[in-house]
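Residue numbers for the sequence shown follow numbering that gives the first Met the number 0, beginning at 0 and rising by one. C-beta: ideal position from N, C-alpha, C; glycine also. Note that the coordinates shown come from a computational prediction; the quantities given were computed from them, not determined experimentally.
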Amino acid sequence: MSNTVICPRCGRAVRSIHSFKSNGRTYYRFYHEDGSRCYVGPREYIYATKTQWKTLVIMGAVEVGREEMYIEGSIKAIREMNVAFQEL
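Below is the structure:
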């Protein structure tokens, strides 16, 4: 069984994944068979996470299972917000 990674930017198969660091953060590029590359962003979105409820962490496209983490974080955030609003 093949573990082909599909690029979230262009939908093509990925030959290799390269990470690089800038200002202490990790970013990713996906390389394709023809040598072209797609920038897929950071591992974690700092600003987007700051603007969310404290239990939600917005992850980059390379984070496996991020969709489940979003659902779990959303459920937890809803519960915490309900408690916080009831205490007002």
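| Query | Result |
| --- | --- |
| By alpha-carbon positions, which one of K49, E32, S18 ends up nearest to Y38? | S18 |
| Is it buried or exposed, F84, if we count other Cβ atoms within 10 angstroms and call 16 or more buried? | exposed |
| Please work out which residues of its chain come closer than 7 Å, Cβ to Cβ, to V82, disregarding the five sequence neighbours upstream and downstream, and give them in chain order. | none |
| What is the DSSP secondary structure of G40, reduced to helix, strand or coil? | strand |
| For the stretch 44-52 and the stretch 60-71, state whether three or more C-beta atom pairs, one from each stretch, are separated by less than 8 Å. | no |
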